[in-house]
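One structure below.
And the structure:
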């Protein structure tokens, strides 16, 4: 079965409910690797996750189709070619919301969840 | 971790595991984006500088320009390009400053060599720049990388 469809940007996610499209080990790894970066090379993702070209391409295509990723073909020096990937604004927003939901879940289970949305991290 | 399309919620343990995985993966990217240049990256560049200066002495400016451009591409490319923030911009500025120091060394050495009417001023200039790359640019870059990873 396909692991879900992306939640449309801006749509509410109930507390404790996770975006099923993002909540797969492969997509979590990909988005976590992309989050601190502007652009990341395909080879870095493949080696970091330890997956095959085809498996990674499949996940990237799904994320790109959902509008979460931008994929760029590079033409490197010396004739080498490569592919680079980055999170789009939509993807970053969705992933931030996904992580927030996870944090709320953990905080609630520990009894440390704020009663109202808290201030931004400083 | 569940992969079901209809997963309405997950357990706190599952959420904590996903957050831990997220932190681990993010650290991987930051490490790759800020890692220090290795000797394999820097030493060939430093060794290539005097021959490049010799090309200038031979008036092969076009070959010099082509090789420098190629070297620059190979030197600066990384598999991870981190998002620019105030800290990374400051890091880049310091690093560019060290390259400016290498350029100053090149010009100063040429000034001395030309003043003494010695041959191959560009070769000597690039040799001086090469010393600065090894003695200043590289150590500074490694220190900045260590701070970035901290």
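Residue numbers (the working numbering), protein chains in the order written: chain A, 1068 to 1189; chain B, -1 to 148.
For glycine and all other residues, C-beta sits at the position ideal for the given N, C-alpha and C.
Here the structure is a predicted model, which is why all the values come from computation and not from measurement.
Determine the burial state of residue i: buried for a count of at least 16 other Cβ atoms within 10 Å of its Cβ, exposed for fewer.
{"i": "residue 123 of chain B", "result": "buried"}
{"i": "residue 141 of chain B", "result": "exposed"}
{"i": "residue 31 of chain B", "result": "buried"}
{"i": "residue 119 of chain B", "result": "buried"}
{"i": "residue 104 of chain B", "result": "buried"}
{"i": "residue 128 of chain B", "result": "buried"}
{"i": "residue 36 of chain B", "result": "exposed"}
{"i": "residue 102 of chain B", "result": "exposed"}
{"i": "residue 43 of chain B", "result": "buried"}
{"i": "residue 62 of chain B", "result": "buried"}
Quick one: is residue i near chain A, going by C-beta distance under 8 Å?
{"i": "residue 10 of chain B", "result": "yes"}
{"i": "residue 43 of chain B", "result": "no"}
{"i": "residue 96 of chain B", "result": "no"}
{"i": "residue 27 of chain B", "result": "yes"}
{"i": "residue 17 of chain B", "result": "yes"}
{"i": "residue 144 of chain B", "result": "no"}
{"i": "residue 113 of chain B", "result": "no"}
For residue i, would you say it is in contact with chain B, using Cβ-to-Cβ distances shorter than 8 Å as the test?
{"i": "residue 1105 of chain A", "result": "yes"}
{"i": "residue 1186 of chain A", "result": "Interpretation of residue 1186 of chain A is limited by its pLDDT of 47, a score under 50 that renders its predicted location unreliable; the figure taken from the coordinates is listed afterwards. Not one chain B Cβ lies under 8 Å of residue 1186 of chain A."}
{"i": "residue 1119 of chain A", "result": "no"}
{"i": "residue 1152 of chain A", "result": "no"}
{"i": "residue 1138 of chain A", "result": "no"}
{"i": "residue 1131 of chain A", "result": "no"}
{"i": "residue 1128 of chain A", "result": "no"}
{"i": "residue 1113 of chain A", "result": "no"}
{"i": "residue 1099 of chain A", "result": "yes"}
{"i": "residue 1173 of chain A", "result": "yes"}
{"i": "residue 1108 of chain A", "result": "yes"}
{"i": "residue 1123 of chain A", "result": "no"}
Provide the residue(s) that pair with residue i in DSSP beta bridges, ordered along the chain.
{"i": "residue 1140 of chain A", "result": "A/1150"}
{"i": "residue 1106 of chain A", "result": "B/79"}
With hydrogens ignored, establish whether the beta-carbon of residue i is closer than 7 Å to any heavy atom of the ligand NAD.
{"i": "residue 1111 of chain A", "result": "Looking for the ligand NAD in the displayed structure turns up nothing, as the structure carries no ligands at all."}
Contact between the stretch 20 to 30 of chain B and the stretch 127 to 136 of chain B (3+ Cβ pairs under 8 Å): no
How about the stretch 1098 to 1118 of chain A and the stretch 1147 to 1166 of chain A: do they share at least three Cβ pairs that are nearer than 8 Å? Using a C-beta cut-off of 8 Å, the stretch 1098 to 1118 of chain A makes contact with the stretch 1147 to 1166 of chain A, since at least three inter-stretch Cβ pairs fall below that distance.
I'd like to know if the stretch 1153 to 1169 of chain A and the stretch 1090 to 1101 of chain A are in contact, where contact means that at least 3 CB-CB pairs between them fall below 8 Å. yes
Cβ contact check for the stretch 1121 to 1140 of chain A and the stretch 1086 to 1094 of chain A: 3 or more pairs under 8 Å: Using a Cβ-Cβ distance cut-off of 8 Å, the stretch 1121 to 1140 of chain A and the stretch 1086 to 1094 of chain A are in contact, since at least three pairs of beta carbons, one from each stretch, lie closer than that value.
With a threshold of 8 Å, are at least 3 pairs of Cβ atoms found where one atom belongs to the stretch 88 to 98 of chain B and the other to the stretch 54 to 65 of chain B? no
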